[in-house]
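Engineer: This is the structure I want to talk about, given as structure tokens.
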Amino acid sequence: MTRVKRGFVARKRRKRVLKLAKGFRGSHSVLFRTAQQRTMRALSLSYTDGRQFKRAMRRLWIRRLNSALRNIGIQNTATNTNSKIPVVFRYSGFINNLKKAKSLLNRKVLSQLAILDPTSFQNFVKGL
1 MTRVKRGFVA
11 RKRRKRVLKL
21 AKGFRGSHSV
31 LFRTAQQRTM
41 RALSLSYTDG
51 RQFKRAMRRL
61 WIRRLNSALR
71 NIGIQNTATN
81 TNSKIPVVFR
91 YSGFINNLKK
101 AKSLLNRKVL
111 SQLAILDPTS
121 FQNFVKGL
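Position 27 of the sequence shown, counted from 1, bears residue number 27 in full-length UniProt numbering, the numbering being contiguous throughout.
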């Protein structure tokens, strides 16, 4: 059987791993074996943390929307003696009305609108 020399392939693979491990602390960015372990761990953690980040951002948008809606509800019920906030000015009722109106705005856009331009957000909510 003929001899197979794999110098180029092995070097290319090691260079790829070490390039991914750039910026790691200590020998984790220099030694191939530890760099390979660290990059595998980093890539798996980046995958899961990306999903967790998406979840956290969605929770943040919902919190922002709920607080903005409650502020609008408190302003409207300040004149009334009834202290209970109407369902329209709570998150669940708002989302229900959005679905009924077949609105294409998502939670991210709505939360940005609530923060950056509260008056137009208030007009939007009252228009539903």
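Note that the Cβ used here is the ideal one computed from N, Cα and C, for glycine as well.
1. Which stretch, first to last residue, makes up the alpha helix (DSSP H) that contains Asn123?
2. Buried or exposed: Leu69, going by 16 or more other Cβ atoms within 10 Å of its Cβ?
3. For Thr48, count neighbouring Cβ atoms within 10 angstroms of its own Cβ and tell me buried if that reaches 16, exposed if not.
4. In this structure, does DSSP put Leu105 in helix, strand or coil?
5. Among residues of its own chain, excluding the 5 on either side of Tyr91, which ones have a beta-carbon nearer than 7 Å to its beta-carbon?
6. Cα-Cα, which of Arg58, Ala56, Arg14 and Lys54 is closest to Gln37?
7. Name the residue from Ile115, Arg3, Ser27 and Ala101 whose alpha carbon lies nearest to the alpha carbon of Gly127.
8. Looking at Phe89 and Asn97, is the spacing between their C-beta atoms short of 8 Å?
9. Unbroken beta strand (DSSP E) runs of length 3 or more, entirely within the region 6-46: which are they?
Structural biologist: With the given structure in hand:
1. Pro118 to Gly127
2. buried
3. exposed
4. coil
5. Ile62, Leu65, Asn66 and Leu69
6. Arg14
7. Ala101
8. no
9. none
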